[in-house]
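Each number in our numbering corresponds to the 1-based position in the sequence shown with 1037 added.
Where is the CB? At the ideal position from N, CA and C, for every residue including glycine.
Below is one structure; the comments refer to it alone.
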Amino acid sequence: MFSYTLKLFLRNFRRNIVINSLNLLGLAAAMAACMMIIIYLDHENSYDASMPNVDRVVRVNTDLKVGEGQEIRLATASWPVAAGLAEEIGAVESFVRLRLSTGERPVFVGEKIFLERDLAWADSTFFRVLGARLLLGDPATALAAPMMATIAESTARRFFGDADPIGREIRLSRNRSYTVTGVYADMAGPSHLPSFSLVCSIASLDIEGGEYWVGRSMYASYLLLLPGADAAAVQPLADAVFDAHAAELMKLLDAESSIHLQPVREIHFDTGFDFAGGFTPPVPRRKLLVFALLAVFIVVVAAVSFVNMATARSGDRARQVGISKAVGASRLQLAAQFVGEFIIIALVAAAVAFLLVEALLPFFADFTGRELTADFDARPWLPASFVGLALLVGVLAGLYPAAYLTSFLPRQVIHERLFASTRRSRLRPALITFQFAVTIGLILCTLTVANQVEYMNGRDPGFDREQLIALSVGPEMTRDDCETFRREAIRHPGIVAGTCSSHLPTTGHMEFTYEVPEPEAADMLMTRMFAVDGRFIETMGMELVAGRNFDENDRGRYLGPVILNETAVRELGYEDPVGRRLDADPSHGDENSHPVTIVGVVRDINFESLHHGIEPMALVPDEGRPAQIAFRLHPERVEDAIAHLRETWRERFPRAPFRYIFLDDNFARMYDAEIRLGGMFTFFTGLALVISVLGLVALVAYSAERRMREISIRKVMGASMRDLFSLLSGEYVRLVLVANVVAWPVAWWGMRRWAESFAYRAPFPWWLYPGAAAGALLVALATAGIYTLRAVHASPADTLRTE
């Protein structure tokens, strides 16, 4: 049976090898796309799966509401929370707190300087709770005392080569030396936690406000629950403990706060936090659902194309069926034969798809921003699932052609009366309509995403972000070094202005809450704080709308003057804020207040991506070592200015790397996820369009074959070419119009939901919808026109000769 089915497959494939090859490649491409999406979904769902006891580990998150409604959701907690919960709740076996450092930090190893990202300070229970595997050292004591450090295996090789690192010293600053007490294996598998290069003992830090259960929520806190306990059962107990300890301080701060225990496996899919906090960026489940639906739609579209292609050439197969039935073949045997052929086609397409996956997966990984690998040895269920997918596609795609083709009567098909019949399939046009509805929907999604990205990049952020270059301060540079470098740099004619600051727009900020002694609209003001100098506003191109700028005499980040943005002033409710005071340390009570004076107001700027609305912002004088030096360059002297900065830097700081970014590039990088999503939609739209065109080719070929005698008779009776073209093409125009009716509301709803993640949305692109309809209609007419013209130009004498 199998050998006979294989022979039939090869014979029928050779009869129209071009169309069948295109159809096979279309199915293979669709299956390859589906396979790559499955690999991506598997990667996303494997976050934190390699963590031992992952089902018992929960993170303590904090919800905070200050004053009259300023709300913030944090993936961290205050210092005493985790320890207090572990002490008072019997279902908690252990806990660990981490202080994450996300930016580059200098690490001094002998005379060498290494710039390391993703450092952490942790309790001694780090290895027990989070399951990191210590290769050298004692996990119980490696982080038990101050000034201890454990390092990753790869970090140990970079720092010390093949030498034993245990007992060696590393320095995170000139006067902070740590002793290496352990080496742990590089963290395996994707995780919401970064792959730490160093983990130091948290006892090495000076903990300020360690008694407060509310505020200073800067510690990633995890609980290891006892076997059988879960987050939902422990949550009420945690609420009671937290309320008992935090109520007094919340009343003093006029704030509301609560904690939430979140299972670790849910963290990667939670995008509701206000700050990244150094964790791996999460992915919303709805995005994964979109990818899953794309995979389903692409495979279904390809399968539909196969069905149409099979039935399009039903005349040839019908005669074969009639003869087989005449010699005794049952309908079940013939149906099994047809389904077997489709399974063979699907398996061949799957084999081609495997090759495409190997070739295209690196490019697909770039689209998704993930390190994806087709590691079938480690995950044998993946190739098994792909083979299962091929079998499923083959069976489902073969059912309708098998049922349709085996329904022919031997007498009817042997005498070639089949296509004279008036019987018409309603399923085939419905399938083509579905194909084009999916394609049009993908076109609309692609154009909508591109429109939103263009809008975000073109929107005025409230300051001049062009020709702004930011230099990272070297590890050995002091504040005086930064000021001296700035003064030397701005002597160059290609440098317009310069500033030293803790942060810049798009590079992060601090969070700080002020108490309002004279409340009008709010008792507390939660701000995004930037520590800057008096040249910051000018260099950034910001606009001072009231009061004054900082001067050389202004000092004190928490005791000096402050400049607010317009949003902060609106939160306060002040009509004339200049000269009013705020308390910079409300936790110490009224008798120990730290008053600061509002000296100016700047116009609102977007210092974050347009996913977020403009938040209250506070500029304060920078009295410490800045993190960045920014310069505004002359637009016609950019290259000269950069060369001058590089030369001056190397002369003064030869041990520090010269590293810089342009702020407008940083803005663009904030929309990488949207750009990648647009690329994904473009890829799948093109694939769906190709497959849909192949399906339309099948329908046109079938229609032209079925109506060939009708066309010939009309030509003999005097019908013009225009009349015949309209007769045959009108059906496809109707199908595309119906596809638009289906696709428009679905695409509008889906893109509206997607746009909800942006505080600022592009105006509704109504013109995209008729544009997509016109494009799809043009493709359909062009495709239909080719086969229609062939039918119209056929000789009536040749067509009617058999009548």
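Just grab the DSSP bridge partners of residue 1102 for me. 1108, 1293
Cα-Cα separation between residue 1329 and residue 1422, rounded to whole angstroms: 15 angstroms
Could I get the ranges of all uninterrupted alpha helix (DSSP H) runs contained in the region 1546 to 1596, with 4 residues as the minimum, in chain order? 1573 to 1577
Are the beta-carbon atoms belonging to residue 1238 and residue 1186 less than 9 angstroms from one another? yes
Use the C-beta contact count for residue 1538: other C-beta atoms within 10 angstroms, 16 or more gives buried, fewer gives exposed. buried
Can you name, in chain order, every residue of its own chain whose Cβ lies under 6 angstroms from the Cβ of residue 1179, other than the five neighbours on each side? 1187, 1218, 1219
Taking all protein chains shown into account, decide if residue 1588 is buried (16 or more other Cβ within 10 angstroms of its Cβ) or exposed. exposed
How is the beta strand (DSSP E) around residue 1152 delimited, first residue to last? 1149 to 1153
State yes or no: is the C-beta of residue 1770 nearer than 8 angstroms to some heavy atom of the ligand ZN? By its list of ligands, the structure shown contains no ligand whatsoever, and the ligand ZN lies outside what it can speak to.
How close, in whole Å, do the beta carbons of residue 1693 and residue 1498 come, if the pair is a contact with beta carbons under 8 angstroms? About 30 angstroms separates the two Cβ atoms, so there is no contact after all.
Could you pull the DSSP bridge partners for residue 1658 from this structure? 1569
Backbone secondary structure at residue 1466 - three-state DSSP: helix
Under 9 angstroms between the Cβ atoms of residue 1249 and residue 1116? yes
Buried versus exposed call for residue 1791 [16 or more other C-beta atoms within 10 Å across all chains shown]: buried
Put residue 1163 into one of helix, strand or coil per three-state DSSP. helix
Which ranges would you report for the beta strand (DSSP E) in the region 1258 to 1310 if only whole runs of at least 3 residues count? 1292 to 1300
Beta-carbon proximity list for residue 1664, same chain, < 6 angstroms, skipping 5 on both sides: 1510, 1539
Output the distance between the C-alpha atoms of residue 1377 and residue 1430, rounded to the nearest integer angstrom. 12 angstroms
Below-9 angstroms beta-carbon distance, residue 1146 vs any chain C residue: Reference to chain C is not applicable here, since this structure consists of a single protein chain.
From the DSSP output, which residues share a beta bridge with residue 1137? 1157
What is the C-beta distance between residue 1155 and residue 1190, in whole angstroms, given that I count them as a contact (C-beta under 8 angstroms)? Contact flag wrong, Cβ pair sits at about 15 angstroms.
Does the distance from the CB of residue 1582 to the CB of residue 1639 come in under 9 angstroms? yes
Per DSSP, cross-strand counterpart(s) of residue 1237: 1158, 1186
What does the Cβ neighbour count give for residue 1196, buried or exposed, with the cut at 16 atoms within 10 Å? buried
Looking at C-beta atoms only, is the number of pairs between the region 1701 to 1714 and the region 1603 to 1616 that lie closer than 8 angstroms three or more? no
Buried or exposed, going by whether 16 or more other CB atoms sit within 10 Å of the CB of residue 1603? buried
Is it the case that the Cβ atoms of residue 1482 and residue 1334 are separated by a distance below 9 angstroms? no
Which one of 1118, 1789, 1233, 1095 has the shortest CA to CA distance from residue 1317? 1233
Indicate the three-state DSSP secondary structure (helix, strand or coil) for residue 1542 in the structure shown. coil
Kindly indicate which residue of 1091, 1325, 1516, 1466 has the alpha-carbon position closest to the one of residue 1264. 1091
Own chain, CB closer than 8 angstroms to residue 1079, minus 5 neighbours either side, in chain order: 1416, 1419
Classify residue 1320 as buried or exposed, calling it buried when 16 or more other Cβ atoms lie within 10 Å of its own Cβ. buried
Under 9 angstroms, do residue 1325 and residue 1310 count as touching if we go by C-beta distance? no
Is residue 1410 buried or exposed, if buried means 16 or more other CB atoms sit within 10 Å of its CB? exposed
Spatial neighbours of residue 1726 in its chain, beta-carbon cut-off 6 angstroms, leaving aside the 5 residues before and after: 1476
In terms of alpha-carbon separation, which member of 1632, 1252, 1345 lies closest to residue 1434? 1345
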